[in-house]
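Participant:
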Amino acid sequence: MQLKGKRILLGVTGSIAAYKIPMLARLLIKEGAEVKVLLTTSAADFVTPHTLSVITGNPVYSSFYSHDGVWNNHVELGLWADLMVIAPASAHSMAKMAHGLCDNLLLSVYLSARCPVMLAPAMDADMFSHPATQENLKRLKKSGHEIIGPGTGELASGLTGWGRMEEPEFIFGKIILHFSFQKDFYQKKVLITCGPTRESIDPVRFLSNRSSGKMGIALALEFENRGGDVTLIAGPGVQKPESFSGKFISVESASDMYQTCMENFPDAEIIIMAAAVADFTIAAPAKEKIKKSKGESFILNLSPAPDILSEMGKKKRKKQFLAGFALESNNELKNAVNKLEKKNLDMIVLNSINDAGAGFESDSNKITIIGRSKKKNSFPLKLKKEVAKDIADYIKKNHHA
Ligand code: CTP
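Here the sequence shown is numbered in the numbering used here, starting from 2 and rising by one per residue.
#1: Could you say which of V278, E155, P122, G154 lies nearest to K142 if we only look at CA atoms?
#2: Roughly how many angstroms lie between the CA atoms of G154 and L25, to the nearest whole one?
#3: Mind listing, in chain order, the continuous alpha helix (DSSP H) runs of no fewer than 4 residues lying wholly within the segment 179 to 251?
#4: Identify which residue in R206, I272, M263 has its Cα closest to the Cα of K189.
#5: First and last residue of the beta strand (DSSP E) that includes T41?
#6: For a test of the three-state rule: what should DSSP assign to F129, helix, strand or coil?
#7: Using the DSSP secondary-structure output, state which residues sit across from E155 in a beta bridge.
#8: Within the same chain, show all residues whose beta-carbon is closer than 6 Å to that of L178, passing over the 5 residues directly before and after it, in chain order.
#9: Could you check the C-alpha separation between K295 and K319 for me, to the nearest Å?
#10: Applying the criterion that 16 or more other CB atoms from any shown protein chain within 10 Å of the CB defines a buried residue, is A151 buried or exposed?
#11: Given this structure, state the Cα-to-Cα distance separating A133 from V110, to the nearest angstrom.
#12: Just verifying my parser: in three-state terms, what is the DSSP assignment at M85?
#13: How far does the alpha helix (DSSP H) with M258 in it reach, from first residue to last?
#14: Between P23, G12, L11, E32, which lies nearest to K5 when the distance is taken from Cα to Cα?
#15: In this structure, does DSSP put P169 in helix, strand or coil?
#16: Going by beta carbon distance, what residues of the same chain come within less than 6 Å of K386, once the five residues before and after it are set aside?
#17: So what's R373 in DSSP terms, helix, strand or just coil?
#18: Which term fits I149, buried or exposed, when burial requires 16 or more other beta carbons within 10 angstroms of its beta carbon?
#19: So V388 is in the alpha helix (DSSP H); what residue range does that whole segment cover?
#20: Please state whether DSSP places E312 in a helix, a strand or coil.
#21: Relative to the ligand CTP, is the shortest distance from any of its heavy atoms to the C-beta of V252 smaller than 6 Å?
#22: For the beta strand (DSSP E) that N336 lies in, which residues bound it at each end?
#23: Alpha carbon to alpha carbon, how far is D280 from V118? Give it in angstroms, no decimals.
#24: In the DSSP output, which residue or residues are listed as bridge partners for T282?
#25: If you draw a straight line from the alpha carbon of S130 to that of W163, how long is it in whole angstroms?
#26: When you compare the segment 307 to 325 with the segment 252 to 270, are there three or more beta-carbon pairs, one atom per stretch, that lie closer than 8 Å?
#27: What separation, rounded to the nearest whole angstrom, lies between the Cα atoms of R8 and L84?
#28: How far does the beta strand (DSSP E) with R27 in it extend, from its first residue to its last?
#29: Quickly, what does DSSP pair Y111 with across the bridge? List them, please.
#30: I349 bridges to which residues according to DSSP?
Rendered as structure tokens:
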């Protein structure tokens with residue numbers, strides 16, 4: 002009964018995906034939530050108010066007045082809810098929400114609601130990719146709403162592509178997550194990097210490292226679950242986590258990562274460089290595949306790659322919190338403190354390659370956090386998702402923005 006006592010307003014707008022909403026309502030009720038449903042007139046073409054009323058045990062609200070002439074107080078409904086979930090959210094309804102229009106009860110409740118709002122868009126692929134819809138989505142996201150999906154697959158139009166409403170079980174999972182985390186980073190702009198970088202030697206070869214990106218991904222999910230507006234810049238080979246709804250940018254080389262980081266840095270409030278960025282790049286990558294000459298050795302000419310964290314340290318504003326990682330093999334504490342000072346960081350997370358089960362590729366990590374005061378906080382070996390929680394908790398305590 003993870004949702005016991007939680008009040009959820011389900012707003013249903015006109016899309017064929019509305020036929021799946023009774024399933025979502027049922028999942029919520031079974032988990033102990035109290036659910037009230039708001040239906041637009043066009044949504045009622047796809048799902049009946051009777052079905053939803055039977056499932057939720059509550060009246061279903063469609064217009065400002067019930068049949069008996071009683072006024073459905075939209076402000077009261079908005080204040081009643083702990084969470085408003087609009088699923089499916091049609092392109093038209095989202096456009097109205099993005100611009101504050103309220104020509105039906107659902108939209109009036111939305112405008113009056115003080116609780117967090119989640120949206121699960123559903124529409125045809127071309128409608129979804131249209132710049133107007135994308136602009137509206139950006140606005141809604143900026144208002145702090147969580148956008149769930151849409152997913153990709155078969156659409157009612159017969160086309161295949163982005164625009165499918167996520168399945169009820171997926172939306173349900175997001176709602177559970179929403180209530181299981183304290184939203185202590187609500188709307189905070191968090192920039193995280195993860196994974197390796199790749200420096201091209203020639204069109205088929207590169208220099209890289211063993212970073213898997215797991216630590217950065219765990220951090221991105223932790224901050225997102227706690228309400229953060231997360232941008233994840235990931236090196237090659239790192240896949241966007243399925244449940245991550247923030248901005249995901251894939252980059253290749255240290256210089257790509259540098260450029261992308263610098264573009265996103267000014268807006269970020271918390272920055273965590275978990276990526277294993279190359280220190281050296283190939284001075285002049287060959288345009289054609291390099292051929293071996295028998296018996297001869299081959300020398301690669303390397304030049305320094307940009308140090309992203311150092312650059313950020315120089316540009317850092319007072320209210321920005323800058324965190325780095327240090328993976329060391331010897332003189333661990335001394336090296337980490339040096340990096341903290343040299344790069345002007347607020348915190349450094351030290352891990353040692355000498356600790357079994359820690360570091361690259363592993364699902365666990367053993368860290369020591371060192372802050373500006375140089376006080377050391379050592380943690381035992383933990384799963385990376387628990388390590389991410391420790392790091393987020395530390396930042397919560399020490400970031401005074
Ligand atoms: N870092 C960076 N840009 C680089 C290299 C590292 O932003 N070109 C960041 C890493 O993301 C990490 C921190 O700097 O957060 C420390 O990285 P690390 O490789 O441990 O240290 P370096 O500064 O590269 O020093 P060294 O390799 O000599 O230990």
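Glycine included, each C-beta is placed from N, C-alpha and C at the ideal position.
Facilitator: Straight from the coordinates:
#1: P122
#2: 20 Å
#3: 215 to 226
#4: I272
#5: Careful: T41 lies outside any beta strand (DSSP E) and carries neither H nor E.
#6: helix
#7: T161
#8: N226
#9: 57 Å
#10: A small fix is needed here, since residue 151 is Pro in this sequence, not Ala. By the neighbour-count rule (16 or more Cβ atoms within 10 Å), P151 is buried.
#11: 24 Å
#12: strand
#13: 255 to 265
#14: E32
#15: helix
#16: A219
#17: coil
#18: buried
#19: 385 to 399
#20: helix
#21: no
#22: Not the beta strand (DSSP E): N336 falls in the alpha helix (DSSP H), residues 333 to 343.
#23: 43 Å
#24: S304
#25: 8 Å
#26: yes
#27: 7 Å
#28: Premise fails: R27 lies in the alpha helix (DSSP H), 22 to 31, not in any beta strand (DSSP E).
#29: None; Y111 has no bridge partner.
#30: G325, I371
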